[in-house]
Structure formats: C-alpha cells, structure tokens
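Contents: one structure, followed by commentary.
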Amino acid sequence: EAQVTQNPRYLITVTGKKLTVTCSQNMNHEYMSWYRQDPGLGLRQIYYSMNVEVTDKGDVPEGYKVSRKEKRNFPLILESPSPNQTSLYFCASSLIGVNEQFFGPGTRLTVL
Amino acid sequence: AQSVTQLGSHVSVSEGALVLLRCNYSSSVPPYLFWYVQYPNQGLQLLLKYTTGATLVKGINGFEAEFKKSETSFHLTKPSAHMSDAAEYFCAVTEKRNNFNKFYFGSGTKLNVKP
C-alpha cells in the first residue's frame with residue numbers, strides 16, 4: 034500500500050531534550066516536506082527536500098533540522114525543543130512536477 | 003508569496019443542507035488549487051484539485067469546486083451534507099518555484115453537520 038508513515042504518532046517531552054520524528058514513504062517520491070499545523074494558522078512548511086542530500090528552509094524553519102540521506106526517509110530533528118514547538122506535525126511527499134502531495138498521519142508533539 | 007483565505011473557521015449545517023466553504027487566493031497568475039479534508043486524528047486527504055481545463059471540478063464524496071479567476075475564488079460545495087462530512091477542510095494553492103510547486107494552505111474550516 035502506497036503510504037507515508039510517521040513515528041511516533043504522539044510524543045510528550047521536556048524542554049531541551051533532543052528528539053527525532055521519522056518520516057518514510059514507499060512511493061519513490063523525490064519531494065518530501067514537513068509541516069506544522071496550529072489552530073487558526075493552517076499548515077506551515079518547516080523544511081522541504083527536492084531529493085537526496087538536497088534540502089531547503091520553508092516558512093518556519095527556526096529550531097528544526099532535517100536530513101535526506103535516503104530517498105524514502107526524511108527525519109525531522111528538534112535539537113533543543115521548546116514549548117512553542119508544541120504542535121501537530123505532518124510529513125508529505127510527492128513526485129517532482131506533480132501537484133498532489135501525500136500526507137502522513139501526523140505526529141502530535143507536546144513540549145513541557 | 004501566496005496567501006489563501008478561508009472565510010469562516012467554523013461552519014455548521016444541518017444534515018441534507020447545502021455545504022459551502024469559501025476560499026480566496028491572492029495569486030495574479032493562474033494557480034493550481036486544491037481542497038484537502040482532514041478527519042479527526044488523521045492526515046490530510048486530497049478532495050479535489052484544479053490544474054487546467056474545466057473550471058468546475060468534481061471530487062470525492064460528492065464535493066465539487068469552481069475556479070473563478072475573476073473572483074480569485076475556489077469555493078467548495080456539496081448539495082446535501084452527510085454526517086460523515088464532519089471534518090476540517092483546507093484550501094491550498096501552489097506557486098511554482100525551482101522546478102517544484104510550493105504549497106500554501108489556508109487556515110482551515112471545521113465543518114459541523116447537525117442531525
């Protein structure tokens with residue numbers, strides 16, 4: 034089944050404790066992206082990647098890192114999480130030049 | 003940068019009534035337009051999209067949307083609401099950048115369907 038998977042689905046952590054949210058897709062998509070969803074703000078792009086080893090900042094990159102060492106995986110790293118990063122995070126992927134993005138199920142992160 | 007405006011963060015309709023969710027965008031060139039639906043505790047699922055051609059686009063679950071360039075609008079409609087339509091709906095527009103299409107999302111509209 035074609036899908037985007039994210040782990041964990043739920044995470045509660047404390048300020049400053051490094052964490053990684055994994056994202057994997059099995060559709061051989063070149064383009065992958067991370068979004069955060071906050072009430073009243075819709076989805077805002079954090080980082081995106083056009084292909085392996087090619088990443089760039091989105092609209093709200095501060096406090097986040099990403100890597101793209103393999104085509105299927107695009108982990109989101111929070112080196113020192115803060116409470117303002119409490120949010121719902123979505124990973125998405127698509128083929129280059131094709132408009133539809135496929136979304137993962139989301140990761141709800143709470144930073145205390 | 004694009005902006006997408008969804009009028010009404012919450013819309014409530016009775017079962018069987020018309021659903022109308024509004025979306026306006028700021029692009030000055032013909033964009034690609036999308037509606038996504040998010041059911042509770044799930045990711046976003048594509049409802050329909052407009053790229054080129056016919057301006058009235060039909061999607062899944064009986065939804066449709068009409069691209070009106072003169073009004074920079076892409077409103078989502080469904081003739082008769084069903085309880086299962088209760089969800090959050092996001093309008094999105096793309097802007098071409100560096101050989102890919104960057105997505106801009108509206109803030110979302112939560113649809114409540116009353117029995």
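Going down the list, the sequences are from chains A and B.
Taking our numbering, the leading residue of the first sequence gets 34, the next gets one more, and so forth.
Taking our numbering, the leading residue of the second sequence gets 3, the next gets one more, and so forth.
We put the beta carbon where it would ideally sit given N, CA and C, even for glycine.
Exercise. Counting only beta-carbon atoms, is serine 5 (chain B) nearer than 7 Å to chain A?
Worked result: Along the second sequence, read from residue 1 onward, the residue named residue 5 (chain B) stands at position 3. So no, serine 5 (chain B) is outside the interface.
Problem set entry | Assigned secondary structure, glutamine 36 (chain A) (DSSP; H/G/I helix, E/B strand, else coil) | Residue numbering aside, residue 36 (chain A) sits at position 3 when the first sequence is read from its first letter. If DSSP states are grouped into helix, strand and coil, glutamine 36 (chain A) belongs with coil.
Exercise. How about the segment 116-126 of chain A and the segment 64-78 of chain B: do they share at least three Cβ pairs that are nearer than 8 Å?
Worked result: Contact between the segment 116-126 of chain A and the segment 64-78 of chain B is absent, because fewer than three Cβ pairs lie under 8 Å.
Problem set entry | Cβ-Cβ distance between alanine 94 (chain B) and valine 39 (chain B) below 7 Å | Within the second sequence, residue 94 (chain B) is the residue found at index 92, counting from 1. Within the second sequence, residue 39 (chain B) is the residue found at index 37, counting from 1. Cβ distance not < 7 Å, so alanine 94 (chain B) and valine 39 (chain B) don't count as in contact.
Problem set entry | Distance, proline 108 (chain A) Cα to glutamate 73 (chain B) Cα | Taking the first residue of the second sequence as 1, we reach residue 73 (chain B) at position 71. Taking the first residue of the first sequence as 1, we reach residue 108 (chain A) at position 75. Cα to Cα, the separation comes out at about 40 Å.
For this session: Consult DSSP for glutamine 40 (chain B) and reduce its assignment to one of helix, strand or coil.
Result: Sequence index remark: in the second sequence, residue 40 (chain B) carries index 38 (1-based). Taken through DSSP and simplified to helix, strand or coil, glutamine 40 (chain B) comes out as strand.
Exercise. Buried or exposed: where does tyrosine 34 (chain B) fall if 16 or more other Cβ atoms within 10 Å of its Cβ makes it buried?
Worked result: For the purposes of this step, residue 34 (chain B) is identified with residue 32 of the second sequence, where counting begins at 1. It counts as buried.
For this session: Consider the Cβ of proline 94 (chain A): report whether some Cβ of chain B lies at a distance smaller than 7 Å.
Result: Taking the first residue of the first sequence as position 1, residue 94 (chain A) is located at position 61. Chain B contact via Cβ: absent.
Exercise. If you count every other CB in all the chains shown that lies within 10 Å of the CB of glutamine 44 (chain B), and 16 or more means buried, which is it?
Worked result: Here residue 44 (chain B) is taken as the residue at index 42 of the second sequence, counted from 1. Classification of glutamine 44 (chain B): exposed, given that the 10 Å Cβ count is below 16.
Exercise. Do the CB positions of glutamine 78 (chain A) and aspartate 92 (chain A) come within less than 7 Å of each other?
Worked result: Stepping through the first sequence from its first residue, residue 78 (chain A) is reached at position 45. Stepping through the first sequence from its first residue, residue 92 (chain A) is reached at position 59. The answer is yes: Cβ separation under 7 Å.
Exercise. So who's on the other strand from valine 13 (chain B), going by DSSP bridges?
Worked result: Counted from its first residue, the second sequence places residue 13 (chain B) at position 11. DSSP, once it has assigned bridges, lists B:Leu113 as partnering valine 13 (chain B).
Exercise. Start and end of the beta strand (DSSP E) containing isoleucine 62 (chain B)?
Worked result: Within the second sequence, numbered from 1, the residue matching residue 62 (chain B) stands at position 60. Isoleucine 62 (chain B) -> no beta strand (DSSP E), and no H or E assigned at all.
Problem set entry | Element boundaries [beta strand (DSSP E), containing phenylalanine 123 (chain A)] | Reading the first sequence from its first residue, position 90 is the one you call residue 123 (chain A). From DSSP, the beta strand (DSSP E) with phenylalanine 123 (chain A) extends over 120-127.
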